[in-house]
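Here is the structure we will look at, set down as structure tokens.
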Ligand SMILES: [Zn+2]
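In our numbering, the protein residues as written are 1 to 65.
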């Protein structure tokens, strides 16, 4: 059974049941993870507070002398 990367709680899911694009939530810490790969299992954290600051920063960085 996969475990939560944040708190190492066992996620109550079966790897075999997962498909790419599925979102799983950790009951322990409330983090959500999207399945980005199943072989091997790869989870990426879904950040609810995600904003686009990094994109803005990239655009401004284009202004060079
Ligand atoms: Zn967790």
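In this text, a Cβ means the ideal position worked out from N, Cα and C, and glycines have one as well.
Check your understanding: When the Cα of residue 98 is compared with those of 39, 34 and 45, which residue comes out closest?
Key -> This structure does not reach residue 98, given that the chain is present from 1 up to 65, and the question cannot be answered.
Check your understanding: By how many angstroms is the C-alpha of residue 8 removed from the C-alpha of residue 34?
Key -> So the two alpha carbons sit approximately 16 Å from each other.
Review point. Expressed to the nearest angstrom, what Euclidean distance is found between the alpha-carbon atoms of residue 3 and residue 22?
Key: Pairing residue 3 with residue 22, the inter-Cα distance amounts to about 15 Å.
Check your understanding: Of the choices 41, 30, 19 and 31, whose alpha-carbon is the least far from that of residue 1?
Key -> Nearest of 41, 30, 19 and 31 to residue 1, Cα basis: 41.
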